[in-house]
Structures are given as structure tokens and as C-alpha cells.
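In my numbering, the protein residues as written are 621 to 1156.
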């Protein structure tokens, strides 16, 4: 895809800092495909003290590859542009080049191929990343239990998958607003987010320059991009919800699909009859899209046009292989409102809609809460699996308490770890600025670190076959006082090293068998070494 804009306000795009090298002591490697041999699947490789190495899932794209020279104004290399859908299946009609599909304005979605037992390059790519078989990937997509977002107009993206049988994923929200941020800042936040492990990024921009902001983000994103199209539709009517129309929304949806958006949040689950169920809530309706559509329904006393036109929405999405994230417009925005009638009435509608999406061969995920105390979290997952036919669950947190503004990345990461353990497939991060303001670059990192911890903890708890390898490698380094390995195996190596260096900065201390917490005489691990040496 060629970039469609050549001018920038305030700053030149090419002045954006791209100096994001891999963590010290690691290298970028690429694993080839077996079915599609031209695939180059990225990993971050760490070689540590006992001669072993660990390959970690890497979302950073070309930004951390020293051999690839990047220019923001040109965008990332379109790695998927020449891929074909030739595979191991028996559906000859599926074996069509992606280039020909685009020319014909006809697209066969990943779900279309999966149902016909065809393995695509995207499927093998994610199988290599996930250390599983392409057959498992295809089967889970065909069953609707997994979601592989891959718009044909976003060839710069590296395929990934969302599903309970795969690694728990983390989404990072970015986007400007009418009162804060600019395009350059949002591009920098996107690059920073993938550097720290964001598996997808949602552009939630409001205010001016929505289309241009999204264009630069998509062309420079190695991960799938999601949006909430109703935000831009609302801008077109001056923010007056009751002036929304299906035609305005439809044109906005097509515009975003044409640009390359990989998945969209659509609040089709809002029904006129269910809006009054939120009337008695402590915090009301906290979803921006949900509130706007609820206002439209009550003002006109008509059914939500995103519900009545749902088949039309699916027809549009299927043309580009855009996935649908069925939005939870009535999600709880406070602990008091968790698991109420309004939330679960909408979830029931989403269960109806996900089956309709699948019939149109559109991939789908289900959005979930919100604010939920710990003892009610499992019920959300159980009910979603039952009502929504095991479609992947994508949740915001949930926040497990409402008392900690400024620390909601922590209150929500607690709930995120739990709901990931119970079966949520993707976690939407929450930053320290949640409920307070638009997050900056540092907030993005803090939110992602909290959620990468939560996601990994969930993978350990649900027994993902590769999750323990990372923990065991770091534990080995810690027990053997291999400090440099300890740092580079950490989720945030620079922070780990800086904390150690605050009290023991000398080079020789990296060989010491103690840290400043215990000192040389009271280190339990050093004493354990001595015990076993005595026994020998």
C-alpha cells in the first residue's frame, strides 16, 4: 500500500526516533516456514550462561532489526503482499493469489479457507510463532474459537492469532483526542507499544485528523490495527449522536477497511429494549459507543441501526477480511454494576450475532468487562463461553476495585491475570491514566508491562506448553548468580539492571553471589550452594 499523505503538521515524520535496538545480549532471528518456505517468522533470541538459548515471541517488527533501514514516510515493508493462499486443502477455488483477489474486490477470509481445510501462509506463520501445528491453527479458526486478524490492505502486518489455546495476547489503546496529542505522538506511541510487546494496537482517535492519523499508524504497524468506527462517524455529525445514520456509518466503515484496519469494534449488541436495564446503575453507561447508540435508540425510539444492518456490516468486512470485535456497550463501569442484567442481556445478543458473523465467514471476538470484583470474574468467562459459543473473549481488565485512580494498571492487571487464566484470549491494557487523561509514552509502557505480566501469569496457570521455559531460564540465572543473564531474561532488562546498579554498580559486583538485599553473609542461595558443596 502506498502512503496517501505527504505533509505533516508540526513536525516532519522522519524525525521520529526509530533507535529501538533489541535488548542488550539478544538478537533478532527469523525462522523459515516448512509449507511456505519464504516465510520469515521473527523471534528475540537470548543465549544465556549454560549455553542454552531461548526464543521469545517478538512483536517489535522491523523496528528492532538493524539490517532493515526504515523511513516512516515510506512505511514498513509489505511482507504479505505476494503471499498466496495455496495450501494443503482440497478446495481449488481457494487457491487464488491475494493480488488477484484485491483486483477483483473479492476476498476469501481466513475463516473461509479454514472451513475448507486450506492452510494459508498466515496460518503457518502464527503456528511457528506459537510453537504449534498449522493444523491446530486452522481447526481453531474454522471452529470460531480463534481469530487471525489480517486485512488484505494491511500487508505490513506480521500475522498473529487470538484464542484460548494460544498465548494470551495484549492490546494497547492509543489515539489522539480533541484536546490532547498529535499525529506524531500517536505514531511514536504505536512504535513504543510494539517495542514493549503489544500484540495488537487499537487507534481510538477522536477529534481532528482521524483519517490521517490512522493512515500513518497502519502503514507503519507490524501488528494488527483495530478501531471503533463510530468514533469517526460521530465526528462527521459534530458529535451529535442522534444525527447518526446508517449511510454515514457504512461509508466510514468502508473507508477504514480500505485503509487496512484489521478489526473493528461494532456495538451491534445494543438493543432498544435493553437500554432501560442500565437506568439504575451507579455508573451508568461507560462505553462511548454504547452511550451514543443508546442515546440514538431512545431519541428515535428505533432499533439500533448497527443491529438491523448487521448483515450489511458483515458483507463489507468479508470483502477485506476485517474481523469484528462485538462491542460490550453496556459493560459495567463500576464494581457495583458488575454482572448486572444490562451487561448479560447484551452478551446474549452478542451470542446471536457471532453466529451470524460466522455464517458470513467473518472472524469475530467478543468484548467483555470492565469493572468486576475477583469473586465474580469466573462467571463472566463461563457465561461468555456458553452464550457466545466459545468465540474468543477480549476483555478490558477487568478492574477489581474502583479506589485507585492513578494505579488502575495494577487494579486491572489483577483481574486480567485471573480472567486470562479462566479463558479470556486477549487482554486490553489499562494505563495509569485510565479515568484521568490521555496516556503518554511512559503510561503506555507501564500499562503494557503490567499486562504482559498478567498475560504470562495466565499462560502459566492454563498450562501453555512454552510458558514455563522463560521462568525456568530466569530462575536458573538467578540461582547461579548469572546477573547479566538475569537482566536480559527479564521482561524489562534495563529496569532490572538499573535497580541492581543503584547499590552495587561496580563491574565486579556482577560476579558476586549476593545482592544488596541480603548482602554477602545472609544470601540463602549462596548458603544453599555451600550446603551442596559440603555434601559433595
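Beta carbons are placed, not taken as given, at the ideal position from N, Cα and C, and that holds for glycine. From a predicted model like this one, the values you see are computed outputs, not experimental measurements.
Between the CA atoms of residue j and residue i - distance to the nearest angstrom
i	j	result
residue 948	residue 970	8 angstroms
residue 1004	residue 699	35 angstroms
residue 1147	residue 956	50 angstroms
residue 847	residue 1104	40 angstroms
residue 757	residue 751	11 angstroms
residue 1063	residue 1007	35 angstroms
residue 824	residue 836	14 angstroms
residue 1131	residue 1123	14 angstroms
residue 844	residue 1137	42 angstroms
residue 1015	residue 974	16 angstroms
residue 888	residue 777	27 angstroms
residue 1079	residue 787	6 angstroms
residue 898	residue 813	34 angstroms
residue 1045	residue 664	23 angstroms
residue 935	residue 980	7 angstroms
residue 958	residue 1032	14 angstroms
residue 892	residue 798	30 angstroms
residue 793	residue 650	28 angstroms
residue 732	residue 984	13 angstroms
residue 677	residue 1074	16 angstroms
residue 1116	residue 938	46 angstroms
residue 703	residue 760	22 angstroms
residue 781	residue 743	9 angstroms
residue 1020	residue 687	44 angstroms
residue 912	residue 1047	24 angstroms
residue 1009	residue 767	14 angstroms
residue 932	residue 945	16 angstroms
residue 1066	residue 1120	20 angstroms
residue 901	residue 960	9 angstroms
Beta-ladder partner(s) of residue i, from DSSP
i	result
residue 982	DSSP, once it has assigned bridges, lists no residue as partnering residue 982.
residue 1048	791, 1016
residue 674	666
residue 822	793, 846
residue 945	885, 985
residue 646	666
residue 783	766
residue 660	652
residue 991	1019
Close beta carbons around residue i, own chain, < 6 angstroms, minus the five adjacent residues each side
i	result
residue 762	734, 735
residue 745	659, 661, 779
residue 680	814, 815
residue 850	909
residue 872	849, 852, 853
residue 748	651, 661
residue 1140	1134
Whole-Å CB distance - residue i paired with residue j, under 8 angstroms assumed
i	j	result
residue 790	residue 1068	7 angstroms
residue 870	residue 930	Rounded, the Cβ-Cβ distance is 12 angstroms, inconsistent with contact.
residue 811	residue 683	6 angstroms
residue 943	residue 883	4 angstroms
residue 1000	residue 1039	7 angstroms
residue 815	residue 784	Actually they are not in contact, since the Cβ atoms of residue 815 and residue 784 sit about 27 angstroms apart, beyond 8 angstroms.
residue 659	residue 741	6 angstroms
residue 1113	residue 644	7 angstroms
residue 820	residue 796	Residue 820 to residue 796, Cβ: 19 angstroms. No contact.
residue 953	residue 840	Actually they are not in contact, since the Cβ atoms of residue 953 and residue 840 sit about 33 angstroms apart, beyond 8 angstroms.
residue 1018	residue 989	5 angstroms
residue 1061	residue 701	Contact doesn't hold; Cβ gap of about 31 angstroms is too wide.
residue 1087	residue 1076	6 angstroms
Chain-order list of residues whose beta-carbon lies under 7 angstroms from that of residue i (same chain, five-residue window excluded)
i	result
residue 940	727, 771, 772, 773, 877
residue 830	852, 855
residue 630	Residue placement at residue 630 is flagged as unreliable, the pLDDT there being 44, under the threshold of 50; the coordinate-derived value follows with that caveat. Hits under 7 angstroms: 802, 804.
residue 895	914, 917, 918
residue 863	857
residue 1081	1041
Environment of residue i [buried if 16+ CB atoms lie within 10 Å]
i	result
residue 995	exposed
residue 635	exposed
residue 1072	buried
residue 919	exposed
residue 992	buried
residue 670	exposed
residue 966	buried
residue 1152	exposed
residue 1052	buried
residue 907	buried
8 angstroms Cβ shell around residue i - same chain, five flanking residues per side excluded
i	result
residue 1109	666, 668, 674, 1090, 1093, 1094, 1097
residue 1143	1133, 1134, 1135
residue 1055	1025, 1028
residue 910	887, 890, 947, 948, 949, 950, 951
residue 827	796, 797, 798, 799, 855
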